[in-house]
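In my numbering, the protein residues as written are 34 to 262.
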């Protein structure tokens with residue numbers, strides 16, 4: 034891929050084996066820099082939301098009894114036995130105008146009109162969180178499961194508050210799992226173009242969408258390779 038990014042695009046199909054830096058120079062154009070910036074912002078937002086939801090879930094899952102751990106893990110894994118595209122189309126039913134979410138909110142008199150969340154930045158963010166939060170949960174769970182809970186009990190016996198015991202012991206010992214979850218969330222969230230296509234329509238364009246367009250439609254393989262690098 035790196036080698037391909039330094040080659041020229043052929044007139045009709047394929048590549049010309051001549052060295053060039055034009056592909057990387059094109060990335061500096063404002064329209065592409067804006068796409069990168071929007072992708073970084075969405076990836077950052079997704080990572081924060083995934084950490085806020087996935088860390089507590091993974092942490093407390095590690096404290097469950099063995100039989101409950103297996104049941105919760107099974108419940109987490111069952112949805113991912115189906116195609117991710119099918120699950121995303123389920124979110125379309127929820128977010129579309131007069132869909133499930135609008136029906137619920139208007140039925141509870143919270144809103145008086147449809148919110149029209151489908152094909153918005155918020156819908157894409159929710160789809161990203163839904164797709165990636167299991168990676169955070171299992172990363173944190175793997176660290177928390179190895180935690181010696183007697184250390185927490187000892188801190189409590191010595192007068193530490195529940196928050197102090199968590200912050201000084203539990204959080205620091207589960208930090209590697211949190212960092213692993215952040216990496217497993219941030220990097221993929223920049224390339225999940227199908228989520229932006231399905232839930233964002235043409236209104237949300239990420240780096241993954243740009244690479245897909247250059248590769249499959251424009252047939253500019255060297256530029257797609259440069260974007261990927």
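Ideal Cβ positions, reconstructed from N, Cα and C, are used throughout, including at glycine. These numbers were taken from a predicted model, which means no experiment stands behind them.
Considering only the alpha carbon of each residue, which of the options lies closest to residue i?
| i | options | result |
| --- | --- | --- |
| residue 95 | 171, 161, 261 and 201 | 171 |
| residue 235 | 73, 113 and 156 | 156 |
| residue 105 | 61, 91 and 47 | 91 |
| residue 93 | 50, 182, 255 and 132 | 182 |
| residue 147 | 154, 39 and 138 | 138 |
According to the Cβ coordinates, are residue i and residue j closer than 7 Å?
| i | j | result |
| --- | --- | --- |
| residue 159 | residue 86 | no |
| residue 262 | residue 68 | no |
| residue 240 | residue 72 | yes |
| residue 202 | residue 184 | yes |
| residue 83 | residue 169 | yes |
Using DSSP with H/G/I as helix, E/B as strand and the rest coil, what is residue i?
| i | result |
| --- | --- |
| residue 42 | strand |
| residue 105 | helix |
| residue 81 | helix |
| residue 238 | coil |
| residue 48 | strand |
| residue 181 | coil |
| residue 253 | coil |
| residue 223 | coil |
| residue 131 | coil |
Going by other Cβ atoms of all chains shown within 10 Å of its Cβ, with 16 needed for buried, is residue i buried or exposed?
| i | result |
| --- | --- |
| residue 251 | exposed |
| residue 161 | buried |
| residue 194 | exposed |
Using a threshold of 6 Å, is the CB atom of residue i nearer than that to any non-hydrogen atom of the ligand HEM?
| i | result |
| --- | --- |
| residue 257 | As presented, the structure is devoid of all ligands, the ligand HEM included, so that no description of it is given. |
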